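Structure first, commentary second.
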Amino acid sequence: MKRVLVGAHYGLKDWVAQRITAVLMAVYTLLWVVIAVIHGGIDQALWQALFANAAFRVATLLFGLALLWHAWIGMRDIWMDYIASTALRFSLEVLTVVVLVGYAVWLAAILWAPR
Amino acid sequence: MTRPRPVYLNLVRIRLPLPGLVSILHRISGAALFLIGIPLLLLGLERSLGTGDAFASLRTVLAQPLVKLVALGLAWAYLHHFCAGIRFLLLDVHRGIELLQARRSSVIVLVVSLALTVLVGVRLW
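Protein chains in written order, with my numbering: chain Z, 123 to 237; chain X, 233 to 357.
As structure tokens, then:
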């Protein structure tokens, strides 16, 4: 097998990671549904109370990190399938990582911004 | 006699089976969530937690018809990706891999995600 710089990792790791991150995000999503059902909707007071809670902020950041990982694998698969040029594909993959890590830092900044 | 291969690569003329439709929509919705969903969600979250009447001003932005349409589209993307994802997880553990069951679960994914999107739409309007 010809191994190239931006090829797949030829292993099970990404496949497993995609599923674990998916389950984590599904649990977080259902957490929101449960909160909304218990409180009969989500108003501003509840919204701010949720994000004032440290545990909830940590859970949200974990969701964000799972999303980062999940989106990376998914987008990399898309670039691998449709972009034949190695140079362009590699550039798009680097751009994807940069954007995703930027989003994660931005999320952390939002969650722990002084209020 | 050998048949000319590849048999069909004309995307417009390929008749995609239902599981195939769910699969490509999973990919398309995932890409949309990455390209549009995540940045908008972060912008919205930042705004909503801002000081003063940031929450209220976000509500005004969300009240615009075009914004509502984008929100509805993203809601569908998330819901479809969610439902199709659960289906794929079940397929991973060999649940519903028979053709008939796979077709049926594809219909369920399409219908449930659309129905939930309609519900979101009703709440939005």
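Just so you know, even glycine gets a beta-carbon here, dropped at the ideal spot from N, CA and C. On a predicted model such as this, the values are computed, not experimentally measured, just so you know.
Any beta-carbon of chain Z closer than 8 Å to the one on T283/X?
-> yes
Neighbour list for I232/Z in chain X, Cβ cutoff strictly below 9 Å = L274, L277, E278 and L281
For L243/X, which of helix, strand or coil comes out of DSSP?
-> coil
Start-end ranges of the alpha helix (DSSP H) lying completely within the stretch 132-162 of chain Z, minimum 4 residues = 135-161
Taking Cβ-Cβ distances shorter than 9 Å, what residues in chain X pair up with F173/Z?
-> L277, S280 and L281
Kindly indicate the opening and closing residues of the alpha helix (DSSP H) around P271/X.
-> I270 to S280
Does G328/X get closer than 8 Å to chain Z when you measure Cβ to Cβ?
-> no
Partners in chain B for W154/Z, counting only beta-carbon separations shorter than 8 Å = The structure shown contains no chain B; its protein chains are Z and X.
Taking 8 Å as the threshold, find out whether the stretch 278-289 of chain X comes into contact with the stretch 315-324 of chain X through three or more Cβ pairs.
-> no
Check distances from the C-beta atoms of the stretch 253-273 of chain X to those of chain Z and list, in chain order, the residues that come in under 8 Å.
-> R259, G262, A263, L265, F266, I270 and P271
Give the straight-line distance between the Cα atoms of L168/Z and M202/Z, rounded to the nearest whole angstrom.
-> 43 Å
Buried or exposed: where does W357/X fall if 16 or more other Cβ atoms within 10 Å of its Cβ makes it buried?
-> exposed
How many angstroms separate the CA atom of W234/Z from the CA atom of V138/Z?
-> 30 Å
Would DSSP call H326/X helix, strand or coil?
-> coil
Enclosing alpha helix (DSSP H) for F173/Z [first to last residue] | Q166 to A174
Reference W194/Z, options V216/Z, A148/Z and H161/Z, closest by Cα | V216/Z
Top-ranked residue by Cα proximity to G269/X, from F178/Z, G186/Z and W154/Z = G186/Z
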